[in-house]
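Accompanying notes for the structure given below.
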Amino acid sequence: MKQILPLFLSVVLLLAGCGGNAADGFYQQITQEKAKEMMDTQEAIILDVREQDEYDSGHIPGAVLLPVGTVDEDTAAEVIPEKESTVLVYCRSGNRSKIAASALAELGYTKISTNLEVSKPGPMRRNHKDNGSL
4 MKQILPLFLS VVLLLAGCGG NAADGFYQQI TQEKAKEMMD TQEAIILDVR EQDEYDSGHI
64 PGAVLLPVGT VDEDTAAEVI PEKESTVLVY CRSGNRSKIA ASALAELGYT KISTNLEVSK
124 PGPMRRNHKD NGSL
């Protein structure tokens, strides 16, 4: 019984620390279809968080460049003046967009969505012959 009480108190204290504002630091992941719908039906800022050369080689029409390594309060305010704006964040694979979306949410932006990926065109191919074995 003496061993269970400290464990129980630790769990209670840990859970009590999780009671912050749920809106702080969160963003939502959406499908590409949902993103298209959002772009068609509401004003959304499309934020490309790739590097300049990637942006120059092609980007979603209307997208604004803000490389993930430059996201801070000042640079974010330049491209997203209103913290209540709907923002769709994308990169090539999804990793940088998640980092940027999290940073924006921590800065107080409340309508951040990500999971838009810009892939290289063409089918995915295997580098080896699939012989059906495991």
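Read in order, the letters of the sequence shown are residues 4 to 137 in our numbering. For glycine and all other residues, C-beta sits at the position ideal for the given N, C-alpha and C.
Distance check for residue j and residue i, CA to CA, integer angstroms please.
| i | j | result |
| --- | --- | --- |
| Lys114 | Glu57 | 25 Å |
| Val82 | Glu36 | 24 Å |
| Pro70 | Asp59 | 12 Å |
| Ile63 | Pro84 | 21 Å |
| Glu46 | Glu76 | 22 Å |
| Ala103 | Val52 | 7 Å |
| Lys101 | Asn118 | 8 Å |
| Gly72 | Leu50 | 13 Å |
Select from the options the residue whose C-alpha is nearest the C-alpha of residue i.
| i | options | result |
| --- | --- | --- |
| Tyr112 | Ile63, Ala38 and Ala80 | Ala80 |
| Ser38 | Tyr93, Phe29 and Gln55 | A quick correction: the sequence has Ala, not Ser, at residue 38. Checked all of Tyr93, Phe29 and Gln55; the closest Cα to Ala38 is Tyr93. |
According to DSSP, which residues form a beta bridge with residue i?
| i | result |
| --- | --- |
| Gln32 | Thr117 |
Please report the Cβ distance between residue i and residue j, rounded to the nearest whole angstrom; I am assuming they are in contact, meaning their Cβ atoms lie under 8 Å.
| i | j | result |
| --- | --- | --- |
| Ile33 | Ser96 | Actually they are not in contact, since the Cβ atoms of Ile33 and Ser96 sit about 16 Å apart, beyond 8 Å. |
| Ile48 | Val74 | Contact flag wrong, Cβ pair sits at about 13 Å. |
| Ser105 | Tyr30 | 6 Å |
| Met41 | Leu107 | The pair is not a contact, with the Cβ atoms about 16 Å apart (cut-off 8 Å). |
Would residue i count as contacting chain B if we go by Cβ distances under 9 Å?
| i | result |
| --- | --- |
| Phe29 | The structure shown contains no chain B; it holds only a single protein chain. |
> What are the start and end residues of each continuous beta strand (DSSP E) run of 3 or more residues lying completely inside the segment 38 to 71, in chain order?
Replying inline: 47 to 51
> Which residue spans inside the segment 79 to 110 form an unbroken beta strand (DSSP E) run of at least 3?
Replying inline: 89 to 94
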